[in-house]
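Okay, so here's the structure we're looking at.
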Ligand code: PHE
Ligand code: NA
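In UniProt numbering, the protein residues as written are 4 to 517.
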């Protein structure tokens, strides 16, 4: 064709777009909750080990696979993998890298739309004078498609469609649109994050609530940062740490390969990928851990946090706590916090649209508009169940299958393809060509052996998690002939009960309609 080839406008734009892809709701909503639920300081060592042994290697693999496929005009994983492996099977495995995104974007943009509407609510002072339970109730009513304080019928659905449309509109402008949003969104996000984190530090140790006289923000920091080495022997913590590394770095999704496919074949990969990865870790480990947990601990006490740690804290607790800073600062804090979440979200959801668009372009010659709008339509169809049946756990199912299991499966397969089919020597050559830093040789060994092995362990661990996560005693029970009892949370158990759950959800929602 005579059209100029689509490419990134500048190196800065590329890095910000890649960092924007990685930095997302996972950094601020998922990381703190995972850390608390897995013992705080007990989580951080496996987490960092997984960053260096799974995260960095997979970044190298995905960036270089993408740039390699891009040389042949491929921009989505089915064809990128096809250009690396000789069997047709790889093309089908690559399909993961398109549909996982649509599964994740469906619930991800929904949370993004909550953030958007909460920015408005913070601005107009919806939470002024509300008690803690009133703020929580506001959220419950919101997601139940209940009353609308803005006078908009079906408010969450309205904002969901609006935010989806915003995504589609930006995507229809191509890479330039994504770069522009990243250039505005990332600096703002970091600014808001620093603002809130500094506030948390300054809450310091005074007991701020009569109800919780021991409340102390430092308890939150200490809980997260006092390492506990015994956790190294707990597979459950390792699984959670690996899962978080996947989600937060956006590996196993297909978005990184797609972005990298628009690189020039001589562009650097090594330094760019490490920079984007470290930027994500800074935002996660430094900013992500310095906001929700310390602020909540500063008012309500660490015990409250341990009992109530969950995803809702961001929407149910934070707006109430901000009220303690007076009307004016509450509005600033609310706008900063939900604005930060919104920018974190949109730079990631945009990334999730690109593999589909790239595929349709390469395969059927679809233009940007057609690609973007069809993506929006798919996301809407997939997303409606999460909006309409939020309480039936549809959301959790999406996050589990699309946002967790398929990432691990896909990453395992692509790492085998890269190191063992494409070949480690060729692969290393791809990683180091054009490199602006010297990649430590040890990564050649890590990528070839450690990463795939660790991935196999992670996958098997999730597949056959024993009841109550009791590995030692279940292994004993196996050897003494008493079999292996699976946990309801293991993949096998979940697979065998998925159909029952869907029937249950369907009958529940029918009852609700009646
Ligand atoms: N990495 C993003 C986050 O931390 C989520 C994401 C996953 C984005 C996959 C794009 C692709 O929230
Ligand atoms: Na992230």
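The beta carbon of each residue, even a glycine, is placed where N, CA and C say it ideally should be.
Short Cβ contact (8 Å threshold) for residue i with residue j
i           : j           : result
residue 334 : residue 464 : no
residue 352 : residue 112 : yes
residue 264 : residue 73  : yes
residue 255 : residue 249 : yes
residue 138 : residue 314 : no
residue 325 : residue 337 : yes
residue 147 : residue 500 : no
Local conformation of residue i per DSSP, three classes
i           : result
residue 388 : helix
residue 148 : coil
residue 322 : helix
residue 489 : strand
residue 358 : helix
residue 19  : helix
residue 156 : coil
residue 5   : Confidence is the limiting factor: at residue 5 the pLDDT is only 46, short of 50, which leaves the residue's position unreliable and the question unanswerable from this model.
residue 297 : helix
residue 443 : coil
residue 11  : coil
residue 469 : strand
residue 497 : helix
residue 58  : helix
residue 235 : helix
residue 78  : coil
residue 242 : helix
residue 269 : coil
residue 476 : helix
residue 260 : helix
residue 216 : coil
residue 534 : Residue numbering for the chain in the displayed model covers 4 to 517; residue 534 lies beyond these limits and cannot be assessed.
residue 133 : coil
Top-ranked residue by Cα proximity to residue i, from the options
i           : options               : result
residue 457 : 67, 85 and 54         : 54
residue 301 : 481, 205 and 485      : 205
residue 429 : 68, 40, 142 and 18    : 68
residue 392 : 145, 105, 56 and 29   : 145
residue 168 : 318, 375, 102 and 432 : 375
residue 440 : 344, 170, 275 and 198 : 275
residue 21  : 97, 43 and 65         : 65
residue 2   : 307, 447, 446 and 170 : This structure gives no information on residue 2, because the portion of the chain shown stretches from 4 to 517.
residue 386 : 50, 105, 60 and 91    : 105
residue 307 : 226, 107 and 491      : 226
residue 488 : 394, 470, 23 and 438  : 470
residue 342 : 305, 93 and 118       : 118
residue 231 : 473, 432, 37 and 49   : 49
residue 103 : 394, 354, 437 and 297 : 354
residue 17  : 130, 46 and 185       : 185
residue 176 : 427, 442 and 10       : 10
residue 116 : 182, 88, 384 and 348  : 348
Proximity test, residue i beta-carbon vs the ligand NA heavy atom, cut-off 7 Å
i           : result
residue 27  : yes
residue 287 : yes
residue 283 : yes
residue 472 : no
residue 104 : no
residue 41  : no
residue 237 : no
residue 2   : The structure shown has nothing for residue 2, since the chain only spans 4 to 517.
residue 30  : yes
Heavy atom of the ligand FMN within 7 Å of residue i beta-carbon
i           : result
residue 251 : The ligand FMN is not part of the structure shown, which contains the ligand PHE and the ligand NA as its ligands.
Check: residue i C-beta below 7 Å from any heavy atom of the ligand PHE
i           : result
residue 316 : no
residue 354 : yes
residue 351 : yes
residue 256 : yes
residue 107 : yes
residue 170 : no
residue 488 : no
residue 428 : no
residue 24  : yes
Residue-chain proximity (residue i, chain D), Cβ-Cβ < 8 Å
i           : result
residue 288 : Reference to chain D is not applicable here, since this structure consists of a single protein chain.
(message) Closer than 8 Å is the cut-off here; do at least three beta carbon pairs connect the segment 219 to 231 with the segment 21 to 30?
(response) No: fewer than three Cβ pairs fall under 8 Å.
(message) Within 8 Å, do at least three Cβ pairs link the segment 320 to 336 to the segment 154 to 168?
(response) Not touching, per the Cβ criterion.
(message) With three or more beta-carbon pairs closer than 8 Å as the criterion, would you say the segment 287 to 299 touches the segment 193 to 202?
(response) Touching, yes, given that three or more Cβ pairs across the two stretches are closer than 8 Å.
(request) Please confirm if the segment 479 to 497 is in contact with the segment 89 to 96, defined as three or more CB-CB distances below 8 Å between the two stretches. (result) The way I'd put it, the segment 479 to 497 doesn't touch the segment 89 to 96; fewer than three beta-carbon pairs between them come closer than 8 Å.
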